[in-house]
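**Student:** Reading the sequence shown from the start, the letters are residues 1 to 239 in full-length UniProt numbering.
Positions of the beta carbon are idealized from the N, C-alpha and C atoms, including for glycine.
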Amino acid sequence: MKNNLNACIINAHDDGDYISLLLKNQFPEFEISFQTDNMEHASDYLSKNVPDLLFVDFQLVDKTAFELLLKIKKNSSQIIFITDSEKSAIQAIKNGIPDYLLKPINELDFVLTVNKAIENFRKNNFSLANNPVQNKINLPTLQGFKRVNVDEIIRCEAYSNYTFIYLLDKSKVMVSKTLYDFEKNLSGYNFFRIHHKHLINLEHLKEYIKGKGGQVVMADNSVLDVSIRKKNDFLHKIA
């Protein structure tokens, strides 16, 4: 199983160092396998290696390099263009590479874009999809967002059009997304919806109590109902 992801940075020296710093601070699961401001050196490296995530300064890319980038993208690499104009970004999108960051790079935009790339990579990579320790999601808050490891989530509870997220550190985050959104986004992990109000992380299940539907006791000692409709699927899931 793959324990780390690797990133390649092809960018001017100052921008490249800033990207490297942001990546190390915000995404420690990444190792930077290669960094250069020379497209010729980069092309030689990419002809022999396939990074998980690739940052590329759009100004450094010629036709030959672009064809190489499209080729490695087919191998599930995620590519993020760094550009100083919307026009260049639109050109990249039209050519099949939709993710980009505008200069000067904003830290929040960086985190959101990389997080999206990780999710896309997870969907296309079995080993990462089954290694939740390496995966994080953003929980939007009024102040911005809280970024957490998926395995830190004990359970999610529906509250109208909002969802309460209960974490291992005993904190609770209210997010303006429905429980269905979380059920969909966490479907690749060991989560199960036991009730119309409750989505639980089975890794944090402590006990099951028999009953019509039954109840579960979670790591935070919460006791939650299992719906009668979900009971058989739930018991089969944990068998």
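Using CA coordinates, which residue listed in I9, K210, I90, L23 is at the minimum distance from L108?
**Tutor:** Working through the sequence shown from its first residue, we reach residue 108 at position 108. Among I9, K210, I90, L23, the Cα nearest to that of L108 belongs to L23.
**Student:** Whole angstroms are fine: how far does the CA of P51 sit from the CA of Q91?
**Tutor:** In the sequence shown, counting from the first residue as 1, residue 91 sits at position 91. In the sequence shown, counting from the first residue as 1, residue 51 sits at position 51. Answer to the nearest angstrom: the Cα atoms are 23 Å apart.
**Student:** Answer with buried or exposed for L142, where buried requires no fewer than 16 other C-beta atoms within 10 angstroms of its C-beta.
**Tutor:** Along the sequence shown, read from residue 1 onward, the residue named residue 142 stands at position 142. By the 10 Å Cβ count, L142 comes out exposed.
**Student:** Can you give me the C-alpha to C-alpha distance between residue 242 and P140, rounded to a whole angstrom?
**Tutor:** Within the shown structure, residues of the chain are numbered from 1 to 239, placing residue 242 beyond reach of any answer.
**Student:** Kindly indicate which three-state DSSP category N135 falls into: helix, strand or coil?
**Tutor:** Here residue 135 is taken as the residue at index 135 of the sequence shown, counted from 1. Reduced to three states, the DSSP call for N135 is coil.
**Student:** Between E86, L101, T64, which lies nearest to L54 when the distance is taken from Cα to Cα?
**Tutor:** Numbered from its first residue, the sequence shown carries residue 54 at position 54. Here the closest residue by C-alpha is L101.
**Student:** Strictly by DSSP, which residues pair up with E207?
**Tutor:** By one-based count along the sequence shown, residue 207 stands at place 207. DSSP output for E207 lists V217 as bridge partner(s).
**Student:** Within 8 Å, do at least three Cβ pairs link the region 29-46 to the region 1-16?
**Tutor:** In short, these stretches touch, since the Cβ pair count reaches three.
**Student:** Return the chain-ordered ranges of every alpha helix (DSSP H) run that is complete within the region 54-92 and spans a minimum of 4 residues.
**Tutor:** The qualifying runs are 63-73.
**Student:** Let's see if you can read the secondary structure: which residues bound the alpha helix (DSSP H) around E31?
**Tutor:** Within the sequence shown, residue 31 is the residue found at index 31, counting from 1. Premise fails: E31 lies in the beta strand (DSSP E), 30-36, not in any alpha helix (DSSP H).
**Student:** Return the first residue and the last residue of the beta strand (DSSP E) that E157 is part of.
**Tutor:** As a working note, residue 157 is residue 157 in the sequence shown. Per DSSP, E157 belongs to the beta strand (DSSP E) from 153-159.
**Student:** Near S227, what residues of its chain come up, given a Cβ to Cβ distance below 8 Å and the 5 sequence neighbours on each side ignored?
**Tutor:** Walking along the sequence shown from the start, residue 227 turns up at place 227. Same-chain partners within the cutoff: I194, H195, H196, G213.
**Student:** D15 to Q35, Cα distance in whole Å?
**Tutor:** Stepping through the sequence shown from its first residue, residue 15 is reached at position 15. Stepping through the sequence shown from its first residue, residue 35 is reached at position 35. Approximately 11 Å between the Cα atoms of the pair.
**Student:** What is the rounded straight-line gap between the Cα of L168 and the Cα of N185?
**Tutor:** Along the sequence shown, read from residue 1 onward, the residue named residue 168 stands at position 168. Along the sequence shown, read from residue 1 onward, the residue named residue 185 stands at position 185. Whole-angstrom Cα-Cα distance: 19 Å.
**Student:** So H198 is in the beta strand (DSSP E); what residue range does that whole segment cover?
**Tutor:** For the purposes of this step, residue 198 is taken as the residue at position 198 of the sequence shown. Run containing H198: 198-201, per the beta strand (DSSP E) assignment.
**Student:** Is the CB-CB distance between Y162 and V148 below 9 Å?
**Tutor:** As a first step, residue 162 is located in the sequence shown; it is residue number 162 there, counting from the start. As a first step, residue 148 is located in the sequence shown; it is residue number 148 there, counting from the start. It is not a contact, given that the beta carbons lie outside the stated cut-off.
**Student:** Are the CB atoms of A219 and H204 within a distance shorter than 9 Å?
**Tutor:** What you label residue 204 is simply residue 204 of the sequence shown in a count that begins at 1. What you label residue 219 is simply residue 219 of the sequence shown in a count that begins at 1. Cβ distance < 9 Å, so H204 and A219 count as in contact.
**Student:** Which residue wins for smallest C-alpha separation from E138, given the options N115, I154, R122?
**Tutor:** What you label residue 138 is simply residue 138 of the sequence shown in a count that begins at 1. First, the amino acid is wrong: residue 138 is Asn here, not Glu. If we check each option's Cα against that of N138, N115 comes out closest.
**Student:** Could you pull out every residue in the same chain whose Cβ sits closer than 6 Å to the Cβ of Q134, ignoring the five residues on either side in sequence?
**Tutor:** By one-based count along the sequence shown, residue 134 stands at place 134. Only weak support exists for where Q134 lies, its pLDDT of 49 falling under 50; the value from the coordinates is given anyway. Once the five neighbours on either side are set aside, the close Cβ partners of Q134 are E29.
**Student:** Would you report the Cα separation of D84 and T64, rounded to the nearest angstrom?
**Tutor:** As a first step, residue 84 must be located in the sequence shown, where it is residue number 84. As a first step, residue 64 must be located in the sequence shown, where it is residue number 64. Each residue's alpha carbon lies about 21 Å from the other.
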